[in-house]
Amino acid sequence: MKYLLAILLTLSLSYSLMAQEKLNYFPALDSNIQYFGRTVLSETKDVRCWAAGVYMQARFTGNTIKLLISDQVQYGQNHNFVEVVLDNQPAKRIRLKTEIDTLSFTLPKAKEHSVTVYKDTEAGIGYLDFCGVQCSSLLPLNKVPARKMEFIGNSITCGAGSDLSTAPCGQGAWYDQNNAYLSYGSLTARKLNAQFQLSSVSGIGLLHSCCNMSITMPQVYNKVNMRDDSLAWNFQNYQPDVVTVSLGQNDGIQDSLTFCTAYIIFLGQLRNYYPNAEFVCLNSPMADADLDRVLKSYVNFIVNFMHKRGDAKVHSFFFSKQFHNGCGGHPDLKEHEQMAAELTGFVKGVMHW
């Protein structure tokens, strides 16, 4: 009897090994992998990105997928975070550990699966390369949303200081609480079934940036890497229907003429890139009472000026209150959800979505 059981066990193990699915490698440029956001090709033909919120999507067969991701590991110590969404289940937040990471997932048996990978951390933490996937096979992509959105801003738009699940405020690296996937812009776009880009840099301003940064948004907006890269972005690659602008927090209270003039010039720059888009100018959701009052006044003037100049596709929207319960006075995840709900309602009205 024991001999028979041993034979059956051996046969069972042999069958299990034989039945183990074969994984095939699909490079980053496979036609069945789609990317959203500002990207370039690396020297190894991988897809490189810097900005928070850049994401890739794929559909695949088999019950195992391995995601091949390369991290710059800037300064030898920075490690990007990613969010991985499998079959539209709650996202898995992962801190990359080495220069070359293989993220492996086993899923329940099904005819097909989907995966989306988001860059959670911003350009200041370094670039990330999508190097391909290993799975049984890739499937043709589903039709992507026709609607397109872009969110221009600073650390708030990046989702900085919002996610305390990895480390409480004051612990870990400064970017450990960054979560672009659950930032107000990303949430708003997903609520509206839209593609999106986050064109945002922590600390950046319109006239003045904080933290000894020598750049301002108008100087770097046309770059792939908005921190310091010289690679120019081709705006024909992505023409959004809606562009929101949230700048002024890092500028502080500036001279009205100087600030409003710079803002109007920046809107003109945006209009050259996006002739048909609706622009929504926001206040700063973490501003104190004095700055909030000033920014609202400036934005109202700017929007009225644009209307008088003949551009009726410029709007203002102000968040209902200050959101500052995250790290360093930033909105936390719950507040980003509240902000997204408010902004979603406004955009629905403007766009009739």
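For the sequence shown, the residue numbers in mature numbering (1 follows the signal peptide of the UniProt record, and there is no 0) are -19 to -1, 1 to 334. Think of the CB as a built atom: it goes at the ideal place given N, C-alpha and C, for glycine as much as any other residue.
Can you tell which of K3, V28, T102 and S180 has the C-alpha that lies nearest to the C-alpha of L10? V28
Inside the stretch 234 to 320 only - alpha helix (DSSP H) runs reaching at least 4 residues: Within the stretch 234 to 320, the complete alpha helix (DSSP H) runs of at least 4 residues are 237 to 254 and 270 to 289.
Going by beta-carbon coordinates alone, are L179 and F111 separated by less than 9 Å? Not a contact, by the Cβ cut-off of 9 Å.
Let me know the beta strand (DSSP E) ranges lying completely inside the stretch 165 to 203, each 3 residues or longer, listed in chain order. 175 to 181
Is there contact between the stretch 119 to 139 and the stretch 60 to 73, where contact requires at least three CB pairs shorter than 8 Å? no
Do the stretch 253 to 261 and the stretch 151 to 161 meet, that is, are 3 or more Cβ pairs less than 8 Å apart? no
Contact defined as beta carbons within less than 8 Å: I believe G113 pairs with F7. What is the distance between those atoms, to the nearest angstrom? 6 Å
Inter-residue Cα distance where the pair is N203 and Y99: 22 Å
9 Å is my cut-off, CB to CB: does Q38 come that close to chain C? No chain C is present in this structure, which holds just one protein chain.
With C-beta atoms as the reference, is S211 less than 9 Å away from L263? no
By the 10 Å Cβ neighbour count, where 16 or more other Cβ atoms means buried, how is R19 classified, buried or exposed? buried
Could you give the first and the last residue of the continuous beta strand (DSSP E) run that contains T87? I81 to T87
Let me know the secondary structure DSSP gives M332 once reduced to three states. Residue state, collapsed to three classes: helix.
By the 10 Å Cβ neighbour count, where 16 or more other Cβ atoms means buried, how is R274 classified, buried or exposed? Exposed is the call here.
Name the two residues that bound the continuous alpha helix (DSSP H) containing E139. Inspection of the sequence shows that residue 139 is occupied by Cys rather than by Glu. Run containing C139: S136 to C139, per the alpha helix (DSSP H) assignment.
For C308 versus S183, is the C-beta distance shorter than 9 Å? no
How long is the line joining the alpha carbons of T138 and L163, rounded to whole angstroms? 10 Å
Bridge partner(s) assigned by DSSP for R76: Partner(s): F62.
Counting pairs of beta carbons, one from the stretch 126 to 134 and one from the stretch 70 to 87, are three or more of them closer than 8 Å? no
Please state whether the Cβ-Cβ distance between V96 and V54 is less than 9 Å. V54 is positioned such that its CB atom lies no closer than 9 Å to that of V96.
Look at the alpha carbon of A293 and the alpha carbon of W31, and state the distance between them as a whole number of angstroms. 33 Å
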